[in-house]
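Chemist: The listed protein sequences derive, respectively, from chains B and S. All residue numbers for the first sequence refer to the numbering used here, where the first residue is 1 and numbers rise by one. All residue numbers for the second sequence refer to the numbering used here, where the first residue is 1 and numbers rise by one. All C-beta atoms, glycine included, are put in the ideal place defined by N, C-alpha and C. Dropping a structure here in C-alpha cells format, bear with me for questions.
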Amino acid sequence: MAEPGHGTTTSIGDKIIEHVANSNEMIPFELFGVDLSITKHVIMLWIAAGLLVTTALWATRRYRKEERPVPTGFSNAFEYVVDFVRTGILIPTVGKGHVLKWGPLVMSFFFLILTMNFLGLIPIFNGINHGHGGTTATGNFNVTAALAVITFIAIIVAGILEHGFFKHWKNLVPGGLPKAVYIILIPIEVLSMFVRPFALTMRLAANMTAGHIAMLAIFAPIFIMHNAFIGVGSVALNVGITFLEIIVSIVQAYVFTLLSSVFIGQSIHPDH
Amino acid sequence: MENLLRFDTGLIYWTWITFIAVLVILGTKAWKPMIKALENRENFIRESLEEAEAARKEADKVAGEYEVMVAKARSEAQEIVAAGKETAERMKTEILNEAQDKSAGILKQAEAQISAEREKAIAEIRTQIVDISMAAAEKIIAKSLTREDNERLIEDALKDYGQN
Numbered sequence: 001m002a003e004p005g006h007g008t009t010t011s012i013g014d015k016i017i018e019h020v021a022n023s024n025e026m027i028p029f030e031l032f033g034v035d036l037s038i039t040k041h042v043i044m045l046w047i048a049a050g051l052l053v054t055t056a057l058w059a060t061r062r063y064r065k066e067e068r069p070v071p072t073g074f075s076n077a078f079e080y081v082v083d084f085v086r087t088g089i090l091i092p093t094v095g096k097g098h099v100l101k102w103g104p105l106v107m108s109f110f111f112l113i114l115t116m117n118f119l120g121l122i123p124i125f126n127g128i129n130h131g132h133g134g135t136t137a138t139g140n141f142n143v144t145a146a147l148a149v150i151t152f153i154a155i156i157v158a159g160i161l162e163h164g165f166f167k168h169w170k171n172l173v174p175g176g177l178p179k180a181v182y183i184i185l186i187p188i189e190v191l192s193m194f195v196r197p198f199a200l201t202m203r204l205a206a207n208m209t210a211g212h213i214a215m216l217a218i219f220a221p222i223f224i225m226h227n228a229f230i231g232v233g234s235v236a237l238n239v240g241i242t243f244l245e246i247i248v249s250i251v252q253a254y255v256f257t258l259l260s261s262v263f264i265g266q267s268i269h270p271d272h
Numbered sequence: 001m002e003n004l005l006r007f008d009t010g011l012i013y014w015t016w017i018t019f020i021a022v023l024v025i026l027g028t029k030a031w032k033p034m035i036k037a038l039e040n041r042e043n044f045i046r047e048s049l050e051e052a053e054a055a056r057k058e059a060d061k062v063a064g065e066y067e068v069m070v071a072k073a074r075s076e077a078q079e080i081v082a083a084g085k086e087t088a089e090r091m092k093t094e095i096l097n098e099a100q101d102k103s104a105g106i107l108k109q110a111e112a113q114i115s116a117e118r119e120k121a122i123a124e125i126r127t128q129i130v131d132i133s134m135a136a137a138e139k140i141i142a143k144s145l146t147r148e149d150n151e152r153l154i155e156d157a158l159k160d161y162g163q164n
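Dropping the structure here:
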C-alpha cells in the first residue's frame, strides 16, 4: 500500500483505518483458550449496553409497578419508540400473538444497535485508544456478524418452536412442486439461509464505517495540503454529513431489526 | 486495511455476552413489562370503545322502544277518543229519535183527545140546542105558531149554531 514519495497520504490512510478499525488488545485476557481480550470496540459495546440498560430501566420503572401506567416525559418518548418497534416492526412480521415471545430480542437488537450507532457519532470515544474522534462498534463486522448469528439462530429456533424440528426444515421450500424444481430450489434456499445473516452483517458494518471514512477523508486535505483554510470547506461538508449520519444510524438500526424480524416472521409463518 | 477486516473472535464472544446480558436484563425488566402495558392499554381502549358502542346501541334500542310505545299509546288514545265520540254521537241520535217519537206520540194522543172532546162537546151542545129549541118552540107555540114557522125557526137556529 505504501509507495515511496507518498508518505503523508499513506499515513493518513493508515490513520483513517486505525480510526474505524478495532484497536489491538488493550487488556489481554484469555479464558479456556478463548481470546477474550478487551479492545476499543469491546469497551464501546459495554458503554452502549450500560447506557441502554440504565436508560431503559429508568424509563420503564413505572411499567414494572403499574398495570396500566400513564407515561410522562422521557418515559413517554421511550414508549413511543418501543411502540414503534412493536407496531411498525413486530406485529406486521411475527404477528400479534408472537410479540411477547420475540419482542425482547427484536427490541434489544434495535435499541442496542441504535445506541452503538449514535455513540459512534459523538467524536470523543476514540479517546479510549488514546486517539481522537469517534469510533463505532457497529462499524466492526465482528460485532455485526455476532449479532447476525443471533438472528440466524433465532430464525431456526422460531421455526422449530412453531412447527417442530422436521417441519421447520421442510418449510424452507414450498411444497407441491415438481421434483426437478427441488434440485435447484433446495440449494438456493440453503444458500439464502446463510446469505441473509451475511447481508445483515455487511450492510450494518459497511454503512457505519463508510460515514467515518468519508468524514475523515474530507478532513484529510487539510493535512495533505497543510492549509487550514481548506478546513472551512471540510467542516461545512462534515456538518452536513453528520446530519446524514444521524439518519443513517437510525435507518441502519431499523433495517437490521426489521429484516431480522421479517426472517423470524417468515420462519413462523412460512406460507406468507 | 487488513486491520479493518481482521477476524476477531474475542469481539464476537464479547458481543454475544453483552447482547445476551442486555437481552436478559431488558427483556425481563423493560421490554416485556412495556409490551404488556401497551397491550393492556390497547385492550382497555378497545374494550372501552366497544362498551361505549354497546351502551349507545342499547340506548338507541331503548329510545326506539320508547318511541314505539309512545306512538302506540297515542294511537290508542286516538282510538279511545274516536270511540267515545262515536258512542256519544250514537247516543245523541238515539235520545233525539226517542224524544221525537215520544213527542209525536204525545201530540197524536192530545189531538185525538181534543177531537174526542170536541165531538163530545158538539153532541152535548146539539142536545142542549134541541132542548132550548124545544123550550123556545113551546113558548112560540104558546103564541100559536104555524108548523112552518116552527120548522123554519129550528132550521135557522141549527144553521146559526152550525156556523158558530
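#1: Taking the alpha-carbon positions, what's the Lys61 (chain S) to Thr72 (chain B) distance?
#2: Here's a check: name, in chain order, each residue in its chain whose Cβ is nearer than 8 Å to the Cβ of Asn40 (chain S), leaving out the five neighbours to either side.
#3: List, in chain order, every chain S residue whose beta-carbon is nearer than 8 Å to that of Thr136 (chain B).
#4: Could you check if Glu3 (chain B) is buried or exposed, using at least 16 other CB atoms within 10 Å of its CB as the buried criterion?
#5: Near Ala48 (chain B), which residues of its chain fall below 7 Å by C-beta distance, leaving aside the five closest residues on each side in sequence?
#6: Measure from the C-beta of Lys29 (chain S) to each C-beta in chain B and report whether the shortest distance is under 8 Å.
#7: Check whether the region 230-246 of chain B touches the region 50-63 of chain B, taking contact to mean three or more Cβ pairs, one atom from each stretch, closer than 8 Å.
#8: Looking at the strands, I want to know which residues DSSP matches up with Asp35 (chain B).
#9: Report all residues from its chain with a CB closer than 6 Å to the CB of His6 (chain B); omit the five preceding and five following residues, and keep chain order.
#10: For Pro270 (chain B), which residues in the same chain have their Cβ closer than 6 Å to its Cβ, ignoring the five residues on either side in sequence?
#11: Once you ignore the five residues that flank Ile43 (chain B) on each side, which residues in its own chain have a CB closer than 6 Å to its CB?
#12: If you follow the alpha helix (DSSP H) that Thr257 (chain B) is part of, which residue opens it and which one closes it?
#13: If Ala154 (chain B) sits next to Leu105 (chain B), beta carbons under 8 Å apart, how far is it from one beta carbon to the other, in whole angstroms?
#14: Would you tell me roughly how many angstroms separate the C-alpha atoms of Leu49 (chain S) and Gln266 (chain B), rounded to the nearest one?
#15: For chain B, find out if any of its Cβ atoms is closer than 8 Å to the Cβ of Tyr13 (chain S); answer yes or no.
#16: May I have the straight-line CA-CA distance separating Pro197 (chain B) from Ala148 (chain B), to the nearest angstrom?
#17: Would you call the region 14-21 of chain B and the region 211-226 of chain B in contact, with 3 or more CB pairs under 8 Å?
#18: For a quick check, are the C-beta atoms of Ser108 (chain B) and Leu26 (chain S) less than 8 Å apart?
#19: With DSSP as the reference, label Leu57 (chain B) as helix, strand or coil.
#20: Does any residue of chain S have a CB that is nearer than 8 Å to the CB of Leu51 (chain B)?
Modeler: With the given structure in hand:
#1: The sequence position of residue 61 (chain S) within the second sequence is 61, counting from 1. The sequence position of residue 72 (chain B) within the first sequence is 72, counting from 1. Cα-Cα distance, rounded: 41 Å.
#2: Working through the second sequence from its first residue, we reach residue 40 (chain S) at position 40. Hits under 8 Å: none found.
#3: For this step, residue 136 (chain B) is matched to residue 136 along the first sequence. Neighbours of Thr136 (chain B) on chain S: none; closest Cβ ~12 Å, over 8 Å.
#4: What you label residue 3 (chain B) is simply residue 3 of the first sequence in a count that begins at 1. Note that Glu3 (chain B) scores 41 on pLDDT, short of 50, meaning its location in the model is unreliable and no value can be drawn from it.
#5: Your numbering for residue 48 (chain B) matches position 48 in the first sequence. For Ala48 (chain B), where only same-chain residues beyond five positions count, the Cβ hits under 7 Å are Leu112, Thr115, Met116, Leu119, Ala137.
#6: Along the second sequence, one-based indexing puts residue 29 (chain S) at 29. Closer than 8 Å: yes.
#7: No, they do not touch.
#8: Taking the first sequence and counting its residues from 1, one reaches residue 35 (chain B) at position 35. DSSP lists B:Glu30 as partners of Asp35 (chain B).
#9: Within the first sequence, residue 6 (chain B) is the residue found at index 6, counting from 1. Low per-residue confidence applies at His6 (chain B): pLDDT is 47, beneath 50, and the placement is therefore not dependable, though the value from the model is reported in the following sentence. Contacts found: none.
#10: In the first sequence, counting from the first residue as 1, residue 270 (chain B) sits at position 270. For Pro270 (chain B), where only same-chain residues beyond five positions count, the Cβ hits under 6 Å are Asn171.
#11: Within the first sequence, numbered from 1, the residue matching residue 43 (chain B) stands at position 43. Within the same chain, and ignoring the five residues on either side of Ile43 (chain B) in sequence, the residues whose Cβ sits closer than 6 Å to its Cβ are Ile128.
#12: Along the first sequence, one-based indexing puts residue 257 (chain B) at 257. From DSSP, the alpha helix (DSSP H) with Thr257 (chain B) extends over 230-268.
#13: In the first sequence, the residue the question calls residue 154 (chain B) occupies position 154. In the first sequence, the residue the question calls residue 105 (chain B) occupies position 105. Distance from Ala154 (chain B) to Leu105 (chain B) at the Cβ level is roughly 6 Å; contact confirmed, criterion being Cβ atoms closer than 8 Å.
#14: As a working note, residue 49 (chain S) is residue 49 in the second sequence. As a working note, residue 266 (chain B) is residue 266 in the first sequence. Straight-line Cα distance between these residues: approximately 33 Å.
#15: Position 13 of the second sequence, counting from 1, holds the residue named residue 13 (chain S). Yes, because at least one Cβ of chain B sits closer than 8 Å to the Cβ of Tyr13 (chain S).
#16: Sequence index remark: in the first sequence, residue 197 (chain B) carries index 197 (1-based). Sequence index remark: in the first sequence, residue 148 (chain B) carries index 148 (1-based). Those two C-alpha atoms are separated by around 5 Å.
#17: yes
#18: Within the first sequence, the letter at position 108 stands for residue 108 (chain B). Within the second sequence, the letter at position 26 stands for residue 26 (chain S). It is a contact, given that the beta carbons lie within the stated cut-off.
#19: In the first sequence, the residue the question calls residue 57 (chain B) occupies position 57. The answer is helix: DSSP assigns Leu57 (chain B) an H, G or I state.
#20: Indexing the first sequence from 1 puts residue 51 (chain B) at position 51. With 8 Å as the cut-off, Leu51 (chain B) does not count as an interface residue toward chain S.
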